[in-house]
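Heads up: the sequence lines are chains U and E, in that order.
Everything in the first sequence is counted per the numbering used here, starting at 84 for the first residue and increasing by one.
Everything in the second sequence is counted per the numbering used here, starting at 65 for the first residue and increasing by one.
No residue lacks a Cβ here, since even glycine has one placed at the ideal position from N, Cα and C.
As the structure is a computational prediction, the values presented were derived from the model and not from experiment.
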Amino acid sequence: MNENEEPRVGVFVCHCGVNIGGVIDVKEVVEYAGKLPKVAYAEGNLYTCSSEGLSKIKEAVTKFHLNKVVVASCTPRTHETLFRSACEEAGLNKYVFHMANIREHCSWVHPKEPKKATEKAKEIVKMAVAKAVLLEPQIEPEIDVLPSALVIGGGVAGMAAALSLANQGFTAHLIEKENEIGGKLKELYKLYPNDDYASNILGEFTQATRSNPNIKVHTSSTVKQVEGFIGNFKVKIDREGKEEALDIGTIIVATGANVLRPDGLYGYGESKNVLTQLEFEQLIKDGKLGRPKNVVMIQCVGAREEKEGGRNYCSRVCCAVAVKNALQIKELSPETEVYVLYRDMQTYGKDFEEQYRRAREGSVQFISYDKENPPDVFRGSDGKLTVRVRDIMLNAPLELDADLLILSTPLVQSKEAKELSKILKVPLGSDGFFFEAHVKLRPVDFATDGIFVCGTAHSPKTIAETIAQAYATASRAGIPMAVGRVRTEAITASVDESVCTGCATCIRMCPYSAIQKDERGIAKVNDVLCKGCGVCSASCPEKAIKMKHFSDAQVLAEATASLGGS
Amino acid sequence: MRLSEFEPRIIGFLCNWCSYAGADLAGVSRIQYPANIRIVRVMCSGRIDPTIPLEVFKMGADGILVLGCHPGDCHYVEGNLYEEIKINMLKRLMALTGLEPERLRLEWVSASEGQRFAQVVTEFTERIRKLGPSPLSGQRPDRQILENLQAARDAASDFRLRVLVGRERELTEKSNVYEEKVSQEEFDTLLDDIVKTEFIRHKIYLLAKANQLSVKALAEQVRMKPSDVLCHIVEMRRRNMIALDHVEGTTPIYKALEVE
């Protein structure tokens with residue numbers, strides 16, 4: 084379309100059967116639309132979205148030389164894509180289409196006021212035409228995607244993701260900060276619910292990872308810098324002071340989590356007989372359990388705190404870990420009494436409940452306390468530990484000797500993750516864990532295209548869940564790499580270079596880091612990163628930023644069309 | 065116009081992801097609300113430049129609703145919070161113009177809150193109905209308020225106010241290199257001061273644009289002390305908004321320069 088071409092708007096008003104036609108006088112709206120300035124053609128359709136209705140649009144575009152199209156029907160949230168395609172088939176750019184919502188926002192909400200609804204529908208059409216007149220064609224840039232993924236973290240999540248990507252035929256660079264891959268799995272002994280040896284699972288994964296020709300393992304390495312965008316990330320990794328550059332198409336974050344060290348809680352750090360569950364795993368792994376008379380476990384240590392800025396979340400895995408380790412003790416030393424002091428037992432996973440039942444039947448003692456009365460730990464002069472707790476079932480205080488006190492502490496985000504979130508420009512939630520784009524619709528994606536998250540870096544979860552989530556990220560990351568190209572947002576911001584003073588207000592606000600200063604100190608928008616929210620445009624002190632498709636002039640034209648005069 | 069006949073003209077700016085979807089849900093659920101609102105869809109409530117509501121009020125809208133996602137739910141992370149700051153500034157600016165700030169309202173409506181959308185619209189429509197027609201609606205808009213609104217619009221479009229609004233969160237939420245943090249009260253005091261100053265300056269500018277005037281004449285029109293007006297003129301000359309045109313006797317007469 085020639086830019087200087089006079090706008091010729093076509094308006095198509097839908098009856099939507101009786102949904103619109105039953106309330107609004109469509110004929111009247113069509114007549115009104117036909118008389119609006121720049122409208123070259125207007126008609127009513129029974130169903131504009133039917134194949135017949137869509138053909139009518141295409142015919143009219145040719146016959147009446149239309150260069151803008153308005154459909155007055157339902158919500159653009161469901162039907163814009165369809166009508167835009169019809170415009171494209173008619174040879175128009177899909178961005179010269181605009182929708183007037185006279186169903187959800189009019190006929191359906193004013194069924195008892197047909198006259199008012201008809202007047203409102205006319206004005207909605209007038210507003211849409213006013214915007215359509217100013218619409219310009221837009222281009223969705225298409226970019227190549229490198230078939231190479233960066234997987235950050237060499238634990239079970241990272242290995243599972245890398246293996247899945249490698250088996251799809253992509254290159255996977257697996258980055259591990261320690262000198263060998265394996266992650267937390269290296270520190271575990273037996274795994275619930277079926278007592279597999281962690282070393283078996285670990286062996287299988289590390290062997291497959293090491294022997295896969297598509298996986299490049301980078302140990303003792305960390306990610307130092309990430310620039311670019313989906314398809315073309317420029318990554319710098321640091322290996323013991325030496326820098327290496329990688330060209331990457333997609334990124335998977337699988338950095339895992341740490342176990343909270345409960346310093347200062349329940350005598351931890353003061354007595355060698357107070358351990359975390361993870362330290363206890365090591366003890367039985369080393370065969371050093373011996374034959375203790377009494378073992379006490381305390382659940383929810385430093386978790387589910389219910390205070391501002393606290394670790395308010397449930398770490399999900401600790402209940403099953405405690406049940407598993409209690410059963411381990413019973414197996415290794417049947418005479419030992421095991422007490423689990425808990426707030427709520429949450430054995431939600433497959434086969435966990437059976438294991439919990441087995442523990443209860445196998446004479447592990449479960450004692451519930453409430454959060455207002457947490458247990459107290461006393462150390463006698465002989466170093467012996469005593470735990471006092473109010474059992475809420477008995478509503479009575481109990482005193483338990485503890486040869487070993489094992490604390491179930493939550494998984495917490497690692498310190499490095501905070502740094503990584505800045506490097507990748509992806510968010511952390513209030514609990515410190517990486518924050519996905521949408522809990523249900525995009526559970527393993529970040530809001531930034533081409534970056535994904537799996538495993539305990541995202542939230543505490545079991546090994547089975549971690550592996551499933553890792554496969555999910557490999558599948559998500561595989562899509563753009565398999566297609567080889569992605570289309571990016573057409574509705575982006577653009578900076579008027581003659582007006583920009585480089586004050587950096589936009590740079591600070593942009594949630595996608597899509598704006599940067601160029602060598603002249605002028606703001607420059609990266610079209611691939613920009614998502615088109617328009618916050619920069621509305622905030623630019625010099626009003627130097629224009630939003631495509633939602634310019635000030637376009638928004639104002641639509642907003643004021645129904646006001647003043649008329 | 066009798067009050068009972070008054071049908072408020074309300075413009076709603078709705079973000080695509082939450083509030084527009086909430087309005088759609090009200091439709092799907094067939095929840096009835098007054099037919100006064102005209103909805104404009106934008107991608108994010110944060111897109112609403114402070115000049116936009118002022119322009120819409122100039123055209124005679126009786127009320128403006130800006131609806132965005134609840135804090136924490138913004139599709140663009142924090143666009144809604146940036147909009148809240150702009151609306152807060154706009155209300156302070158409107159208070160100087162003679163147009164009631166309550167004609168402008170920001171609310172959060174999620175995609176699942178069809179009922180809440182209808183409630184907000186109904187309640188706001190009734191509020192505006194009670195407030196009566198905008199002095200700028202109809203055939204004879206109030207000239208004084210219209211001029212004030214133009215000055216407010218120009219102030220909202222000017223660098224100084226926009227820079228301050230653009231930095232509010234940085235100043236009040238993060239500390240600077242000296243570990244100083246500006247409290248919300250301190251910031252609001254500063255904001256109030258700059259809103260007032262910029263409004264007056266743009267008012268003076270518009271007056272000087274209409275007629276070349278002396279400091280005394282300008283001072284009478286803006287109801288300020290001539291010495292205060294002179295201070296503004298000094299700054300406005302520095303900014304190339306205003307210049308000396310000629311001297312009548314011993315009185316300098318100022319003219320407005322073309323800006324933007």
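Residue(s) in a DSSP beta bridge with E:W172: E:G132
* **E:E237 - DSSP class collapsed to helix/strand/coil** => helix
Quiz prompt | Burial state of U:I222, where buried means 16 or more other Cβ atoms lie within 10 Å | solution = exposed
### Query
Straight-line CA distance for U:L586 to U:D635?
Residue 586 of chain U is actually Cys in this sequence, not Leu. Each residue's alpha carbon lies about 21 Å from the other.
For U:D321, list the residues DSSP reports as bridge partners. Answer is U:T305 and U:E326, bridged to U:D321.
Classify U:S649: buried if its beta carbon has 16 or more other beta carbons within 10 angstroms, exposed otherwise.
Low per-residue confidence applies at U:S649: pLDDT is 41, beneath 50, and the placement is therefore not dependable enough to give any value.
* Rounded straight-line distance, which links the Cα of E:R191 to that of U:T539 -> Rounded to the nearest angstrom, the gap between the Cα atoms of U:T539 and E:R191 is 50 Å.
Do the region 96–110 of chain E and the region 182–190 of chain E make contact, defined as three or more Cβ pairs closer than 8 Å? yes
Checklist entry - If you check the beta carbons only, do U:E206 and E:R167 fall under 8 Å apart? => result no
- If the cut is a Cβ gap below 9 Å, which residues of chain E does U:V638 touch? F77, V104, V106, R111, I112, D113 and I116
| task | Tell me, please, whether the CB atom of E:V141 is closer than 8 Å to any CB atom in chain U? | result | Judged by the 8 Å Cβ criterion, E:V141 is in contact with chain U.
Original post:
To the nearest whole angstrom, what separates the beta carbons of U:L490 and U:V384, a pair I think is in contact under 8 Å?
Top reply: 4 Å
Keeping to the same chain, check which residues put their C-beta closer than 6 Å to that of E:H134; ignore five residues upstream and five downstream. W172 and S174
| said: In whole angstroms, give me the CA-to-CA distance for E:M65 and U:E114. | reply: Below a pLDDT of 50, predicted positions are generally treated as unreliable, and E:M65, at 48, falls in that range; no measurement from the model is reported.
**Request:** Could you say if the region 537–554 of chain U and the region 323–340 of chain U meet the contact criterion of at least three C-beta pairs nearer than 8 Å?
**Result:** yes
Worksheet item: Three-state secondary structure (DSSP) at U:P480?
Response: strand
TODO: Count the other C-beta atoms from every protein chain shown that fall within 10 angstroms of the C-beta of E:R226, then say buried if there are 16 or more, exposed otherwise.
DONE: buried
| query | Between which two residues does the alpha helix (DSSP H) harbouring U:Y115 extend? | reply | In the DSSP assignment, U:Y115 falls within the unbroken alpha helix (DSSP H) covering V109 to G117.
Note to self: When you measure from the CB of E:Q203 to every non-hydrogen atom of the ligand GTP, does any distance come out below 7 Å?
What the structure shows: This structure lacks the ligand GTP, and indeed carries no ligand of any kind.
**OP:** Could you name the residues of chain E that U:S464 contacts, counting a contact when the two beta carbons are closer than 9 Å?
**Re:** Within chain E, no residue comes near U:S464; the closest Cβ sits about 47 Å away, beyond 9 Å.
- Short CB-CB distance (under 8 Å) between U:F633 and chain E: yes
inquiry  = Strictly by DSSP, which residues pair up with U:G238?
reply    = Answer by DSSP bridge pairing: none, since U:G238 is not bridged.
Identify, in the order they occur along the chain, each residue of the same chain with its Cβ nearer than 6 Å to the Cβ of U:E364, setting aside the five sequence neighbours on each side.
L271 and Y272
Worksheet item: How many whole angstroms separate the CB atoms of U:V96 and U:A116, which I take to be in contact at a CB cut-off of 8 Å?
Response: Contact between U:V96 and U:A116 holds, with the beta-carbon distance rounding to 7 Å and staying under 8 Å.
* With a cut-off of 8 Å, does the C-beta of U:S649 fall near any C-beta of chain E? -> With a pLDDT of 41 at U:S649, under the threshold of 50, the predicted position of this residue should be treated as unreliable, though the coordinate-derived value follows. No, no contact with chain E.
Fill in: Contact set for U:P90: own chain, Cβ-Cβ below 6 Å, skip 5 residues either direction
K121, K151 and V216
Give me, in chain order, the residues of the same chain whose beta-carbon lies closer than 8 Å to that of E:E249; leave out the 5 immediate sequence neighbours on both sides. none
Are the CB atoms of U:V509 and U:F516 nearer to each other than 8 Å? no
| said: As a quick exercise: from U:H301, U:K203, U:T575 and U:H148, pick the residue whose alpha carbon is nearest that of U:H632. | reply: U:T575
Next item on the list: Indicate whether at least one CB of chain U lies closer than 8 Å to the CB of E:F223.
Entry: yes
Residues in the region 197–215 of chain U with C-beta within 9 Å of chain E's C-beta atoms, listed in sequence order? Only K199, A200, E202, K203, E206, I207, M210 and K214 from the region 197–215 of chain U bring a Cβ to less than 9 Å from some Cβ of chain E.
| query | With a CB to CB cut of under 6 Å and the five nearest residues on each side skipped, what residues in its chain are close to U:D532? | reply | Residues of the same chain with a CB within less than 6 Å of the CB of U:D532, apart from the 5 flanking positions on each side, are I313 in chain order.
Taking U:K715 as part of the beta strand (DSSP E), name the residues at either end of that continuous run. Nothing can be reported for residue 715 of chain U: it is not among the residues displayed for chain U, which extend from 84 to 649.
Legend entry - Beta-carbon proximity list for U:M84, same chain, < 8 Å, skipping 5 on both sides: In this prediction, U:M84 scores a pLDDT of 48, lower than 50, which makes its location untrustworthy; the coordinate-derived value is nonetheless stated afterwards. Once the five neighbours on either side are set aside, the close Cβ partners of U:M84 are N150, L175, N176, V179 and P220.
What residues in its chain sit with their C-beta under 8 Å from that of E:I128, if we drop five residues either side in the sequence? I74, I75, G76, F77, P117, V120, F121, R167, L168 and R169
* To do: Would you verify that the beta carbon of U:S29 is, or is not, closer than 8 Å to some beta carbon of chain E?
  => Examination of residue 29 of chain U is not possible in this model, given that chain U is present from 84 through 649 alone.
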